[in-house]
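J.: To convert, note that position 352 of the first sequence is 352 in the UniProt record's numbering; the numbers rise steadily by one, no gaps.
Beta carbons: idealized from backbone N, C-alpha and C, even for Gly.
Here the structure is a predicted model, which means the values were calculated and not measured.
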Amino acid sequence: MAMSIGVNMSMSMSMSICSSRMVGREKGVLESCKTLRHVKQVHAQILRSKLDHSNSLHLKLFLCCCTLTSSSSSPSALHYALSLFTQIPNPHTRFSHQLFRQFSRGPTPEGTLLLYRLLRRKGTLLDRFSFPPLLKAVSKLSALDMGLEVHGLVSKLGFHDDPFIQTALIAMYAACGRITDARLVFDKMSNRDVVTWNIMIDGYSQSGHYDHVLRLYEEMKISGMEPDSIILCTVLSACGHAGNLSYGKAIHEFIKDNGFRVDSHLQTALVNMYASCGAVYLAREVYDQLPSKHLVVSTAMLSGYAKIGLVEDARFIFDQIVEKDLVCWSAMISGYAESDQPQEALELFNEMQRQRIVPDQITMLSVISACAHVGALVKARWVHSYADKNGFGRALPINNALVDMYAKCGNLAGAREVFKNMPRKNVISWSSMINAFAIHGDADSAIALFHRMKVQNIKPNAVTFIGILYACSHAGLVEEGEKFFSSMINDHDISPQREHYGCMVDLYCRAKLLRKALELIETMPFPPNVVIWGSLMSACQNHGELELGEFAAKRLLELEPDHDGALVVLSNIYAKEKRWDDVGLVRKLMRHRGILKEKACSRIELNNEVHVFMMADRYHKQSDEIYKKLDAIVSQLKLVGYTPSTSGILVDLKEEEKKEVVLWHSEKLALCYGLISERKESSCIRIVKNLRICEDCHSFMKLVSKVYRIEIVMRDRTRFHHFNGGTCSCRDYW
DNA sequence: TTAGGGTTAG
């Protein structure tokens, strides 16, 4: 009997050893599983072998599925993992954080939230370690409602004093735009480490409270906490955003004095800070001192150059990067787009594709913006269909950029179509569409849309009001503009920025209320800048108010002594008054300082090619035909009463010479080229000009649209003109 | 906890 028991015991022991060996083997197999199918096979094998279903084996199966979910974002792996979870005989809370940790490593935070909902539904308790990864997922999605719910659960379970959870809560509130709530959690903490300080400081930086960043950083040092290199990166980034060069320099000195090791992150942060503060030469100094230039710091350097328009320097750095990634391609593309070289941006995009680099959403935004700058509709349509085909078509920022692109390419209907079909709209979508109507001179639609937006509970922001004020300004709606300006302050609690005052000055200037414009400039709470004096100056020139124009030009030149536009206007004003000595002085000054007047240039897109014309241009291969067509049109138009108006020509020429000069304006050459060419895409002629259209060209375009029965859409420096049947959409108010 | 590129205006 005793023996028999001994045998049984020994058999049982040997079975148990065998079973644990097998469990160990299965675990090893599970670790090498790369597909859900494989996991399922191993699971079936475990069930068939009737192994002891230990919690640890279940956990291993679980984690395996979670890893698959994370790496492939496969919903079936997620569901399989959850079904395994429910089969655990005694689901212990300690499993939950393992799950959350795996999920939070995944590419999509949605999986983590889904997991949270399922566990809650099953009544599974979460352990304290589950909350940081869960809150991280909430932060990534900026899902405030979920965040509040999770915070409630934290308090209910008594975890509110856990410093890791408190830090995660601060990050969550900051990511959801609730910086005050983040600070409340921060202030309640008794045990803050350097990570907590960094998260709070970064929260202030991300929400644009740069003064708080510096204040809290100082507070941290006073509290005795030593900054680490990550905090220094955060503070440097805030200095860059705020343009606070002196504080940025102080941090740089602190780094040197305290012997911090300047790792690649700090190098990049320093270059970025100097470049963002407009001290690109100091950024270059840091960059030049680096023994090796890695990809990220080079991208920061090239982007610094590109942002201030030094695209050639940017390109030089770009060309030196041996292994370029998507970010540096995008930086260079957007550098060209923003520096008014949109064609180079599009060419670089083509080159990127030839090198088989797949664009992401940010690249697409730069490319769409480049199309908007170039104003080339055929290219714009191609980019739109490319975005659709490559899965960007439903993304909100892409649609916003498309609305703007179609509007700036002269296709208002295209902009409306995109706007109408957007699956979701935010304040940027509405503002872009309002601005689209504004630049096309349709103030009524812009105002109607503004009211519709309010009905739909979308709060207008400062940019929305720029669009609305612009619409009023370009349609001569003085009273409406004034109403919107005060409603912005009184009803919407938005304090007007300098740009809003700029719009109001422009509104008065266009309406010939020049004294009122000057009064506003003198009473506004900002010192007037170049743009504001420029508005007044141009208006004075257009309305023949020479004395006030001279005053405005001189104020502008005090701010920017080499401003080409102001010097040209000043010289024009003196020419109108026949003060030839003063004209000579200004011209001499311009020659002496090497200042060149911005040359007028017009672009026309025909059959997917963009042709550029300068004034009196003879470079085009069909130049002879173009000038022949111009002569023919002029003869034809003279029959209906056209005489070239030379009032805009302010050089000392004989009247006949002036008439010739005005006929050779770049937009007229572009128009003639459009008329002699076969237009496959559309019967309408689209021209983009870099400067404001002159009075003569405006009358010329109106007459051509009538005599040749053709629609001409022209974008000048600030707006669109739609010429049709002898009239213009701007109603001659531009 | 950590860097470099992006959408509306100016």
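Could you tell me the distance, in whole angstroms, from the CA atom of Ala-407 to the CA atom of Trp-430?
T.: Going by the C-alpha atoms only, they are around 13 Å apart.
J.: May I ask which residues mark the beginning and end of the beta strand (DSSP E) holding Val-322?
T.: Run containing Val-322: none; DSSP gives neither H nor E here.
J.: Comparing alpha-carbon positions, which option in Cys-503, His-492, Leu-310, Asn-435 lies nearest Lys-454?
T.: Of Cys-503, His-492, Leu-310, Asn-435, the residue nearest in Cα terms is His-492.
J.: Excluding the five sequence neighbours on either side, which residues of its own chain have a C-beta within less than 6 Å of the C-beta of Ala-471, listed in chain order?
T.: Hits under 6 Å: Ala-438, Ala-443, Ala-446.
J.: Going by beta carbon distance, what residues of the same chain come within less than 7 Å of Pro-644, once the five residues before and after it are set aside?
T.: So the list reads Lys-659, Val-662, Leu-663, Asp-696, once near-sequence residues are dropped.
J.: Just reading off the beta strand (DSSP E) that Ile-398 is part of, what are its end residues?
T.: Here Ile-398 belongs to no beta strand (DSSP E); instead the alpha helix (DSSP H) covers 396-408.
J.: Distance check for Gly-203 and Gln-598, CA to CA, integer angstroms please.
T.: It is worth fixing the name first, because residue 598 is Glu in this sequence and not Gln. C-alpha separation (whole angstroms): 43 Å.
J.: Relative to the C-alpha of Ser-339, which residue among Asn-572, Ala-372, Ile-321 is closest?
T.: For Ser-339, the nearest C-alpha among the options comes from Ala-372.
J.: Give me the Cα-Cα distance between Glu-253 and Leu-119, rounded to the nearest whole angstrom.
T.: Between Glu-253 and Leu-119, the C-alpha separation is close to 51 Å.
J.: Have a look at Cys-728 and Leu-606 and give me their C-alpha separation to the nearest angstrom.
T.: Going by the C-alpha atoms only, they are around 22 Å apart.
J.: Give, in chain order, every unbroken run of the alpha helix (DSSP H) that is at least 4 residues long and sits entirely within the segment 162-233.
T.: The qualifying runs are 163-175, 179-188, 194-206, 210-222.
J.: Are the CB atoms of Gly-177 and Ser-207 nearer to each other than 8 Å?
T.: Yes.
J.: Do Cys-672 and Val-713 count as a contact pair if the criterion is CB distance below 8 Å?
T.: No.
J.: When you compare the CB positions of Asp-716 and Lys-689, do they come within less than 8 Å of one another, or not?
T.: Yes, the pair counts as a contact, with Cβ atoms nearer than the cut-off.
J.: What does a CB cutoff of less than 6 Å around Leu-691 pick up in its chain, not counting 5 residues either side in sequence?
T.: Taken in chain order, the residues that qualify are Ala-600, Arg-717.
J.: To the nearest angstrom, report how far apart Gly-549 and Gly-725 are at their CA atoms.
T.: Answer to the nearest angstrom: the Cα atoms are 35 Å apart.
J.: How many Å lie between Met-433 and Cys-694 at the Cα?
T.: Their Cα atoms are separated by approximately 28 Å.
J.: In the DSSP assignment, find the beta strand (DSSP E) that holds Leu-377 and state where it starts and stops.
T.: Unbroken run through Leu-377 is the alpha helix (DSSP H), 377-389; no beta strand (DSSP E).
J.: Confirm, please, whether the CB-CB distance from Gly-243 to Ala-275 is below 8 Å.
T.: No; because the gap between Cβ atoms is not below 8 Å, this pair is not in contact.
J.: Is the distance from the Cβ of Ile-466 to the Cβ of Cys-503 below 8 Å?
T.: In contact: Ile-466 and Cys-503 (Cβ atoms closer than 8 Å).
J.: Enumerate, from N- to C-terminal direction, the unbroken beta strand (DSSP E) stretches of 3 or more residues contained entirely within the UniProt domain "DYW" (641-734).
T.: Within the UniProt domain "DYW" (641-734), the complete beta strand (DSSP E) runs of at least 3 residues are 685-689, 712-715, 720-724.
J.: Express the C-alpha separation of Ala-511 and Val-478 in angstroms, rounding to a whole number.
T.: Each residue's alpha carbon lies about 7 Å from the other.
J.: Using the DSSP secondary-structure output, state which residues sit across from His-611 in a beta bridge.
T.: Answer is Ile-604.
J.: Do Arg-315 and Met-332 have their CB atoms nearer than 8 Å?
T.: Yes, Cβ-Cβ distance for Arg-315 and Met-332 is below 8 Å.
J.: Alpha carbon to alpha carbon, how far is Ile-17 from Arg-37?
T.: Because Ile-17 carries a pLDDT of 41, less than 50, the predicted location of this residue cannot be relied on, and the following value inherits that uncertainty. Straight-line Cα distance between these residues: approximately 29 Å.
J.: Is the beta carbon of Arg-618 less than 8 Å from the beta carbon of Val-610?
T.: No. Outside cutoff.
J.: CA-CA distance, Tyr-708 and Val-463?
T.: Roughly 40 Å between the two C-alpha positions.
J.: Any idea if Leu-365 is buried or exposed, counting beta-carbon neighbours within 10 angstroms, 16 or more meaning buried?
T.: Buried: at least 16 other Cβ atoms inside 10 Å.
J.: Output the boundary residues of the alpha helix (DSSP H) element that contains Cys-33.
T.: Premise fails: Cys-33 is in no alpha helix (DSSP H) and is neither H nor E.
J.: Using only the alpha-carbon positions, how far apart do Lys-578 and Met-422 sit?
T.: Their Cα atoms are separated by approximately 57 Å.
J.: Put Gly-467 into one of helix, strand or coil per three-state DSSP.
T.: It is helical.
J.: Where does Asn-272 fall in DSSP's three states?
T.: Helix at Asn-272.
J.: Out of Asn-191, Arg-215, Leu-169, which one is the CA nearest neighbour of Ile-199?
T.: Comparing Cα-Cα distances from Ile-199 to each of Asn-191, Arg-215, Leu-169, the minimum goes to Leu-169.
J.: Start and end of the alpha helix (DSSP H) containing Pro-133?
T.: Taken as a continuous stretch (DSSP letters only), the alpha helix (DSSP H) holding Pro-133 covers 131-141.
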